Amino acid sequence: MRRLEVSKSTLMRLPLYYRTLDRLIKDGNRKVLSERLGEAMHIDATQVRRDLSSLGDFGKAGVGYDIESILEVLDDILGFKNTTEAVLVGIGRLGSALYSYPGFQKYGMKIAALFDVDSEKVGTNLDGTMILDVSELERVVKRLNVQMGIIAVPDFAAQAVADVMVLAGIVAIWNFAPVNLVVPAGVHVRDEDLAVGLTHLSRDLVIMNEKI
Ligand code: NAD
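Residue numbers for the sequence shown follow our numbering, beginning at 1 and rising by one.
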């Protein structure tokens, strides 16, 4: 994977570049102008040129950038070339939906094992993968040498699950439970909360209505 000298804001935009360029190439395009790319991404064309020049040389701005070359660099930077295996703990409404979503594989993540504490679920299959008892988590993580864990358990259970993950060697946690996890230095936690997006949208709605 490449080491990049790019700003954090550029890095945050890379998945959006990936998605947009992937769609353009599937629609039969080989080159794209910064104006068109900016339009599709709702950002300024100047910003697009600045972002792309920090990633490499993909052609001239006036002629259009070579889409395949940009995608190749993004594959590398975003780690999509090497699939990261993850374990998923908590196979309830959210966990099942996450597991059933085929799109993560495209982004380089494969869910290798599923865990739950509910004896009704343990031993059953979800899309062909058996749900294991959470007491197996440490052993399986160590055996498969998995580095990423996804937490989709209720809030009260999340910290204990994170502790076992860390003990087993997990160094990246994608946490969906509404809890601030305490983890040792060197373990990365990414909290995901759809409610944050909803709050922003509700606030936008209030502002819009005030203007009417
Ligand atoms: P759910 O009750 O449907 O599923 C939770 C699952 O976790 C159950 O299968 C349960 O048996 C299992 N579980 C409980 N304790 C466990 C443990 N110690 N080890 C292993 N498995 C355990 O709940 P849900 O609706 O799927 O929500 C799951 C979590 O995700 C909750 O914390 C919820 O707040 C959160 N959530 C977050 C978002 C978001 O935007 N981040 C959205 C929805 C739900």
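Glycine included, every Cβ here is placed at the ideal spot set by N, Cα and C. Note that the coordinates shown come from a computational prediction; the quantities given were computed from them, not determined experimentally.
- When rounded, the separation of the alpha-carbon atoms in Asn175 and Arg190 is 6 Å.
- Short of 7 Å from the beta carbon of Phe58, and not among the five residues preceding or following it, lie these beta carbons of its own chain, in chain order: Leu52, Tyr65, Asp66, Ser69, Ile70.
- By the CB criterion at 7 Å, Val153 and Ala113 fall outside the cutoff.
- The Cβ atoms of Thr129 and Lys110 do not sit closer than 7 Å to each other.
- In this structure, ligand 1 has no non-hydrogen atom nearer than 6 Å to the beta-carbon of Glu72.
- Using a 10 angstroms sphere on the CB of Thr46, the tally of other CB atoms stays under 16, which defines it as exposed.
- Here Leu132 really is in contact with Val122; their C-beta atoms are around 7 Å apart, less than 8 Å.
- At the C-beta level, Met148 and Ala177 stay beyond 7 Å of one another.
- For His188, the enclosing beta strand (DSSP E) covers residues 188–191.
- If you look at Asn175, you'll find it in the beta strand (DSSP E) that goes 172–175.
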